[in-house]
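Asks: Once you've had a glance at the structure underneath, I'll fire off some questions.
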Amino acid sequence: MKIAVTRLAGKEKSDAARCAKAGHACYSVHPLRSELRESAITEFVKGVGGNEFDCIFFTSALPAKIIAPLLNTVPRVIAIGPQTAKELEQSGIKCETLPGFYSRDFVPYLGDWIAGKHIGIPRADVPNPALIDAITAAGGIVHEFRCYGLEPTGDTLDLDTADAILFTSAMSYTKAMWTPRRDLLIMAIGDITAAAMRTGGTIPAVVGDGSLEGTLAALNNYLKK
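Residues in the sequence shown are numbered consecutively from 18, following this note's numbering.
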């Protein structure tokens with residue numbers, strides 16, 4: 018199948034190879050664009066340099082790509098998934114990777130260690146109260162840095178040649194301008210995105226595990242049935 022994948026421009030670089038491995042082709046569509054917040058990035062980097070954090074949690078690949086080259090020494094570093102870990106490792110930063118693909122996996126992964134620890138989180142300017150509340154409830158101290166904003170591009174997604182569309186986040190669905198077709202297979206990368214889609218009146222035929230690979234595996238199982 019030819020899949021339109023919602024991505025921020027520049028984040029799609031390995032999608033084609035990963036889709037091809039699963040037997041599909043893909044191209045990127047861009048419902049959102051990123052706007053860097055230089056002051057927040059500078060503040061975060063200064064905090065890392067001043068040893069203000071016991072742990073850093075990178076919740077997506079974009080802040081890892083932007084910020085990792087600016088860091089010298091770092092404390093314990095956690096990446097949300099292998100693509101985020103890859104960006105960190107390319108800048109020489111050793112990290113641990115969560116076993117799942119959601120920020121809700123962060124506190125269970127750290128366990129009792131998190132109590133009393135200062136956690137630095139460079140992330141998008143999108144609220145995630147569940148993560149903040151979970152860290153606080155476990156005794157951690159959150160230092161959140163909104164390093165980039167996500168803004169709608171206002172572009173209608175080009176789906177003319179697509180057999181399927183994959184929404185990779187809740188916001189990429191809620192802010193997208195697109196026209197559904199009866200023959201267009203609609204997919205969600207994970208359950209949080211799927212929930213937002215259902216709330217918006219769109220029922221995804223395929224729901225992944227939060228990763229591109231997991232979604233492609235779910236797609237292939239769907240197609241077999």
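Virtual Cβ for every residue (Gly too), placed ideally from N, Cα, C.
With H, G and I counted as helix, E and B as strand and the rest as coil, what does DSSP make of Y44?
Replies: Within the sequence shown, residue 44 is the residue found at index 27, counting from 1. If DSSP states are grouped into helix, strand and coil, Y44 belongs with the strands.
Asks: Give the secondary structure of L53 by DSSP, where H, G and I count as helix, E and B as strand, and everything else as coil.
Replies: On the sequence shown, residue 53 is found 36 positions in, with the first residue counted as 1. Correct three-state label for L53: strand.
Asks: Answer with buried or exposed for K242, where buried requires no fewer than 16 other C-beta atoms within 10 angstroms of its C-beta.
Replies: By one-based count along the sequence shown, residue 242 stands at place 225. Looking at its Cβ environment, which holds fewer than 16 other Cβ atoms inside 10 Å, K242 is exposed.
Asks: With DSSP run on the structure shown, which of helix, strand or coil describes P139?
Replies: Within the sequence shown, residue 139 is the residue found at index 122, counting from 1. Strand at P139.
Asks: Counting only the same chain and skipping the five closest in sequence on each side, list residues whose C-beta sits under 7 angstroms from that of S108.
Replies: Counting from 1 along the sequence shown, the entry for residue 108 is found at position 91. Within the same chain, S108 has close Cβ partners A85, P86.
Asks: Which of the three DSSP states is assigned to E60 in this structure?
Replies: Along the sequence shown, one-based indexing puts residue 60 at 43. Three-state result, E60: helix.
Asks: Is H41 close to the ligand MN? I mean its beta-carbon at under 8 angstroms from any heavy atom of the ligand.
Replies: For the ligand MN, the structure offers nothing, since it holds no ligand at all.
Asks: Tell me the start and end of each unbroken beta strand (DSSP E) in the segment 159 to 185 that is at least 3 residues and wholly inside, in chain order.
Replies: Segments of the beta strand (DSSP E) lying fully in the segment 159 to 185: 181 to 184.
Asks: Beta-carbon separation of A227 and D208 under 9 angstroms?
Replies: On the sequence shown, residue 227 is found 210 positions in, with the first residue counted as 1. On the sequence shown, residue 208 is found 191 positions in, with the first residue counted as 1. Checking the sequence shown, residue 227 turns out to be Gly, not Ala. Yes; because the gap between Cβ atoms is below 9 angstroms, this pair is in contact.
Asks: Pick helix, strand or coil for R93, following the three-state DSSP scheme.
Replies: Taking the first residue of the sequence shown as position 1, residue 93 is located at position 76. Three-state result, R93: strand.
Asks: Relative to the C-alpha of P80, which residue among R24, T101, P92 is closest?
Replies: To locate residue 80, count along the sequence shown from 1; it is residue 63. Closest by alpha carbon: T101.
Asks: Rounded to the nearest angstrom, how far is the Cβ of G166 from that of R54, given a contact under 8 angstroms?
Replies: For the purposes of this step, residue 166 is taken as the residue at position 149 of the sequence shown. For the purposes of this step, residue 54 is taken as the residue at position 37 of the sequence shown. 7 angstroms between Cβ atoms; contact.
Asks: Based on the DSSP secondary-structure assignment, which residues constitute the bridge partners of E106?
Replies: Position 89 of the sequence shown holds residue 106. None; E106 has no bridge partner.
Asks: Just mark T185 as buried or exposed, buried being the case when its beta carbon has 16 or more other beta carbons within 10 Å.
Replies: Residue numbering aside, residue 185 sits at position 168 when the sequence shown is read from its first letter. Buried, since its Cβ has 16 or more Cβ neighbours within 10 Å.
Asks: If you follow the beta strand (DSSP E) that M194 is in, where does it begin and where does it stop?
Replies: Here residue 194 is taken as the residue at index 177 of the sequence shown, counted from 1. That residue, M194, is in no beta strand (DSSP E); it is neither H nor E in DSSP.
Asks: With a CB to CB cut of under 8 angstroms and the five nearest residues on each side skipped, what residues in its chain are close to D71?
Replies: Taking the sequence shown and counting its residues from 1, one reaches residue 71 at position 54. Closer than 8 angstroms at Cβ, skipping near neighbours: P92, R93, K134, H135, I136.
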